[in-house]
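S.K.:
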Amino acid sequence: MRPTTLATIARRSLEIVLIFSAVSAIGGAIAMLITDGLGMPDSLLTGSPFSSFVFPALILFVIIGGTHTLAAFLLVRQRPTSLLWSAVAGFAMIIWIMVETVIVRGFSLLQGLYFFAGAAELGLVLALLGIVTWVTPAHFAHDTTVTTKKARS
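According to our numbering, the sequence shown is numbered sequentially starting from 125.
1) Are there 16 or more other CB atoms within 10 angstroms of the CB of M156, so buried, or fewer, so exposed?
2) What would DSSP say about S145, mapped onto helix, strand or coil?
3) At the level of alpha carbons, what is the spacing between I158 and T193?
4) Helix, strand or coil: how does DSSP classify V228 here?
5) May I ask you to report which of helix, strand or coil DSSP gives P180?
6) E224: which of V212, L184 and A195 sits nearest, CA to CA?
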């Protein structure tokens with residue numbers, strides 16, 4: 125049994141946050157489409173480019189849910205582009221929440237949770253790239269099965 129390293133914890137944490145964000149974005153988008161905005165009044169969209177919640181739901185589904193799903197899949201499969209897509213997903217989440225708070229002219233605890241999720245994704249990507257000093261690239265390289273598979277080949 126391999127000892128648990130900080131890189132393993134960071135990678136697993138990133139997987140969990142990405143999957144949570146993907147599932148909640150896709151679920152939230154579907155719920156918005158089915159219920160015509162989850163009961164939110166259309167007046168929240170006054171002054172925005174949207175006349176209904178359909179287009180925002182589609183953005184939430186495709187852009188937020190899609191990037192998070194792709195990033196989680198690539199990270200679980202330990203693909204080389206996994207950290208790039210994880211960063212894209214994190215930035216997408218932060219931008220989504222910032223734009224949403226401007227459009228609805230308010231801020232909720234739920235928006236804070238998703239802003240934090242996007243920031244956590246970016247922080248974990250930085251850690252796994254070795255930019256944050258408590259996890260180095262050497263730890264990450266020794267902790268992945270990609271390295272092990274290459275060594276066996």
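Beta carbons are placed, not taken as given, at the ideal position from N, Cα and C, and that holds for glycine. All values derive from a computational prediction rather than experimental measurement.
M.R.: In this structure, then:
1) By the neighbour-count criterion, in which 16 or more other beta carbons inside 10 Å mark a residue as buried, M156 falls on the buried side.
2) Three-state result, S145: helix.
3) Their Cα atoms are separated by approximately 21 angstroms.
4) Helix.
5) Three-state DSSP puts P180 in a helix.
6) Per the Cα distances, L184.
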